Amino acid sequence: MATSEQGVAGRSTGAGILTALQPGGYPERMTQMGQYPPAGHVLVHISDTHLLGEGRSLYGKVPVEERLAIAMARLEAGPVKPDALVFTGDLADLGEPDAYVRLRAIVEPVAARMGAELIWVMGNHDERAPYASLLFDEPETDAPQDRVYDIRGLRVISLDTTVPGYHHGELSAAQLEWLAGVLAQPAEHGTIVAVHHPPVPTPLEVMAVLELLDQPALAEVLQGTDVRMILGGHLHYSTHSTFAGIPISVAAATCYTLDLGADASRLLSGVDGGQSFDFVHVYDDRVVTSTIPLDGFAEVTGFSSDYRPMIDAMPADVRLEQLSSKTSHLNLNEAAASDV
Ligand SMILES: [Fe+2]
Ligand SMILES: [Fe+2]
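Residue 343, in our numbering, is where the sequence shown stops; the numbers in between run on with no holes.
As C-alpha cells, then:
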C-alpha cells in the first residue's frame with residue numbers, strides 16, 4: 004500500500020472512493036493481500052513490567068500498572084488475536100506477593116477475553132517462591148521455574164535464567180540437560196525459547212556485567228534443534244541478533260527504557276518514554292517480530308477500516324492497480340484528501 008505523503012495518505016471517510024470503486028461485479032473474494040498466507044501462530048511479547056505492591060509507582064515516578072494497562076488496552080483494541088501472551092520476566096520489581104496478585108488481575112481478564120494463553124518467564128527482579136505460588140498456584144519453591152507450553156503444535160519453552168539473590172543470569176547443568184531432553188523430540192511447528200537474560204552482547208557495558216553467563220553451553224544445547232526464535236527481555240530496549248544461528252528478539256520494557264543514545268556522561272540512563280511490546284508472527288518458514296509503542300500518538304495519515312470489504316472484494320490484479328498505481332481513483336482521491 005502506498006505510504007508516500009501524496010499517496011493513499013489522508014484521514015478521510017473514504018466516501019468518495021467507495022463511490023468511485025463499487026465492489027459489485029468482482030467475481031471472487033481474495034482476502035490474502037500479498038504473497039504470504041496469514042501467520043500460523045501469533046504471540047505477543049511483553050517484558051519487564053516491574054510491578055510493585057499496592058500499586059506503587061516505580062522510583063516514585065513511573066506508574067507501572069498504568070503502563071501495563073495501556074499495553075493491554077492497545078492489544079485488546081487492536082487487530083491481532085494472539086494465541087499467547089509471553090512475559091519475559093522482571094514481572095515484579097521487588098518480588099512482592101501483592102505485585103503478582105495485581106499482575107494477574109490486570110492481565111488475566113484480557114487474556115481470557117482474547118482466548119490467549121499466558122506464558123510467564125522468571126526475571127532477576129522476580130522471586131521464585133511467590134512466582135510459583137501466586138502465578139501458578141503451586142507450592143512455594145526455590146527450584147528453577149522452567150515450563151513447556153504447547154500452543155497448537157508450536158512449543159514455547161519458558162526457561163528460568165535467574166540466580167537467587169543476584170541480577171546476572173545462569174543456567175545450571177541440570178537445566179541444560181533438561182532443555183536438551185525436551186528438545187530431543189521436535190515439535191510439530193518448532194520451538195520458541197523465552198528467557199529473561201538474552202544471550203546477546205549489549206552496548207551498555209554495565210548491563211553486560213548482568214548478562215547470561217557461559218553462553219556457549221546454551222548454544223551447544225540449542226544448535227541443531229527445532230528452536231526457531233529466542234525471545235528475551237532484561238535490557239529494557241529493543242534489539243535483535245542471532246545466537247547459535249537462531250534469531251533472537253529482545254522486547255523493550257513496559258515500565259521504562261534504557262536509552263542507548265543518552266549523553267556520554269551517563270553510565271546508564273533509564274527514561275520514561277519509548278516503552279513498547281512486540282508482536283511475534285510465526286509463519287511456516289520464518290518468524291517476524293514487530294514493535295508496538297505504548298504511546299498514543301496522534302494519527303496524521305491512515306485508512307478507515309471501512310475500506311476493507313471493498314479491497315477484499317477486488318481480484319488481485321484490480322487490487323494492485325487500485326492501490327499501487329499513482330493515477331488510480333483511490334490514490335488520486337486520497338491525495339486530494341490528504342490535507343484533512
Ligand atoms: Fe527489568
Ligand atoms: Fe532484568
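Backbone N, C-alpha and C define an ideal beta-carbon position, used for all residues, glycine too. Treat the numbers as computed from the prediction; the structure is a model and nothing was measured.
For this session: Within its chain, find whatever has a CB closer than 7 Å to the CB of G27; leave out the 5 residues flanking it on each side and keep chain order.
Result: Low local confidence applies: a pLDDT of 41 at G27 is under 50, so the model's placement there is unreliable, and no value is given.
For this session: Compute the beta-carbon to beta-carbon distance between A183 and V124, rounded to the nearest angstrom, for a pair I have assumed lies under 8 Å.
Result: Contact between A183 and V124 fails: their C-beta atoms lie close to 19 Å from each other, not under 8 Å.
Exercise. With C-beta atoms as the reference, is A220 less than 9 Å away from L263?
Worked result: Cβ atoms of A220 and L263: not closer than 9 Å.
Exercise. Which class does P112 belong to by DSSP, given the choice of helix, strand or coil?
Worked result: Judged by DSSP in its simplified three-state form, P112 adopts helix.
Exercise. So what does DSSP say about M36, is it helix, strand or coil?
Worked result: In the structure shown, M36 sits in coil (DSSP, three-state: anything other than H, G, I, E or B).
Exercise. What are the boundary residues of the alpha helix (DSSP H) that includes G184?
Worked result: Boundaries of the alpha helix (DSSP H) harbouring G184: 176-186, taken from the DSSP string.
Problem set entry | Given F295 as reference, the closest of G305, R289, D281 once Cα atoms are compared | Reading off the sequence, residue 295 comes out as Ile, not Phe. When each option's Cα is compared against that of I295, the closest is D281.
Exercise. Do G305 and ligand 1 come close, with the Cβ less than 8 Å from some heavy atom?
Worked result: Relative to ligand 1, the beta carbon of G305 is positioned no closer than 8 Å to any heavy atom.
Exercise. Hey, is A255 close to ligand 4, as in C-beta under 8 Å from one of its heavy atoms?
Worked result: No copy of ligand 4 appears in this structure; the ligands present are ligand 1 and ligand 2.
Exercise. Where does P189 land, buried or exposed, given buried means 16+ other C-beta within 10 angstroms?
Worked result: By the Cβ neighbour-count rule, P189 is exposed, with fewer than 16 other Cβ atoms within 10 Å of its own.
Problem set entry | Local conformation of F139 per DSSP, three classes | Here F139 sits in helix by DSSP.
Exercise. How is R105 classed by DSSP in three states: helix, strand or coil?
Worked result: It is helical.
Exercise. By Cβ distance, which residues of its chain are closer than 7 Å to D275, with the 5 residues on each side in sequence left out?
Worked result: So the list reads K64, V65, Y259, once near-sequence residues are dropped.
Exercise. Bridge partners of P250, per DSSP?
Worked result: For P250, which the question treats as bridged, DSSP gives the partners T245.
Exercise. Hey, V253 and S50: beta-carbon distance below 9 Å or not?
Worked result: Going by C-beta atoms, V253 is nearer than 9 Å to S50.
For this session: Buried or exposed for K329, please, with buried defined as at least 16 other CB atoms from any protein chain shown within 10 angstroms of its CB.
Result: By the 10 Å Cβ count, K329 comes out exposed.
Exercise. Got a sec? Which residues, its chain only, sit under 6 Å from E130 by beta carbon, not counting five neighbours each side?
Worked result: Here the set comprises G98.
For this session: Compute the Euclidean distance between the alpha carbons of Q25 and M232, then round it to the nearest angstrom.
Result: Reliability of the predicted coordinates at Q25 is poor, the pLDDT of 43 falling under 50, and the value obtained from them is presented with this limitation in mind. Rounded to the nearest angstrom, the two C-alpha atoms are 44 Å apart.
Exercise. So the alpha helix (DSSP H) R150 belongs to, where does it begin and stop?
Worked result: Here R150 belongs to no alpha helix (DSSP H); instead the beta strand (DSSP E) covers 150-154.
Exercise. Beta carbon of H192: closer than 8 Å to some heavy atom of ligand 2?
Worked result: Incorrect: H192 has no Cβ contact closer than 8 Å to ligand 2.
Exercise. Within 8 Å: the Cβ of N127 and any heavy atom of ligand 2?
Worked result: Yes, the beta carbon of N127 sits closer than 8 Å to at least one heavy atom of ligand 2.
Problem set entry | Range covered by the alpha helix (DSSP H) that runs through D315 | Note, D315: alpha helix (DSSP H), 311-316.
Problem set entry | Three-way DSSP call (helix, strand, coil) for H200 in this model | DSSP, read as helix, strand or coil, puts H200 in coil.
Exercise. Comparing the CB of H237 with every heavy atom of ligand 2, is any distance shorter than 8 Å?
Worked result: Yes, Cβ of H237 sits closer than 8 Å to a heavy atom of ligand 2.
Exercise. V321 to S268, Cα distance in whole Å?
Worked result: So the two alpha carbons sit approximately 57 Å from each other.
For this session: Give the single residue among A72, P133, T91, V83 whose Cα lies nearest to the Cα of P102.
Result: Checking the displayed sequence, the identity of residue 102 turns out to be Ala instead of Pro. Answer by Cα proximity: P133.
For this session: For V83, name the three-state secondary structure that DSSP assigns.
Result: Looking at V83 - three-state DSSP - the assignment turns out to be coil, as it is neither helix nor strand.
Problem set entry | DSSP-derived helix/strand/coil call for V291 | Strand.
Exercise. Where does D96 land, buried or exposed, given buried means 16+ other C-beta within 10 angstroms?
Worked result: In this structure D96 is buried. Its beta-carbon is surrounded by 16 or more other beta-carbon atoms within 10 angstroms.
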